[in-house]
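Student: Residue numbers are given in my numbering: position 1 of the sequence shown equals residue 91, and the series is strictly consecutive.
Think of the CB as a built atom: it goes at the ideal place given N, C-alpha and C, for glycine as much as any other residue.
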Amino acid sequence: MKVFLDTNIIIDFYDQRADFFQPAETIMSLAEKKEINIIVSATTIINAFYILRKRLSIDDLYEEFGNLSQLCTISPADEKIIKESLRLRRKDFEDSVQYESAMSVNADVIVTRNKKDFENLGANVMTPIEFLNDFFAKKTK
């Protein structure tokens, strides 16, 4: 299963955000066990690195994101995706880029804490808790 993680999930994990860390950690653990394939966009790596530099040392960030790059597929945020997102003029440009990036690699699901930002895009969008509940329900069948 190809699971696209929105930027907020990556930040939740590396920043260990109190209310959001545990689900993000569980998702990352599933990826480490190769039970799912996680995907993050190139913009997620850039934006999360920038945001987390206030909380983690640069050396730690390079180490952690180096490990992440080995664990996941990095989907593009290239000219085609940017132009398509601009052409579509969606309400939230950044989420439009995320969506187009996820679709470019045929993601099965987008996991985000901001589902409303992906409304009406036609993708399977879940919160981390919804995704985990669904994943473990299917696994026990």
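1) Figure out for me which residue from K170, D150, R180 and V130 has the closest Cα to the Cα of E98.
2) From the DSSP output, read off the bridge partner residues of I172.
3) Does the segment 153–160 come close enough to the segment 211–218 to have 3 or more Cβ pairs within less than 8 Å?
4) Figure out for me which residue from A114, M118, F225 and V199 has the closest Cα to the Cα of C162.
5) Taking DSSP as the reference, what is the three-state secondary structure of N204?
6) DSSP has T134 in a bridge; who is on the other side?
7) Should D185 be labelled buried (16 or more other beta-carbon atoms within 10 Å of its own) or exposed?
8) Tell me which same chain residues have a C-beta within less than 8 Å of the C-beta of I101, skipping the five on either side of it?
9) How about S165 and S191: are their beta carbons less than 7 Å apart?
Tutor: Reading off the structure:
1) Checking the displayed sequence, the identity of residue 98 turns out to be Asn instead of Glu. Taking only the C-alpha atoms, the option nearest N98 is V130.
2) Per DSSP, none; premise fails for I172.
3) no
4) M118
5) coil
6) Looking at the DSSP assignment, T134 forms no beta bridge with any residue, so it has no partner.
7) buried
8) R107, A138, I141 and L142
9) yes
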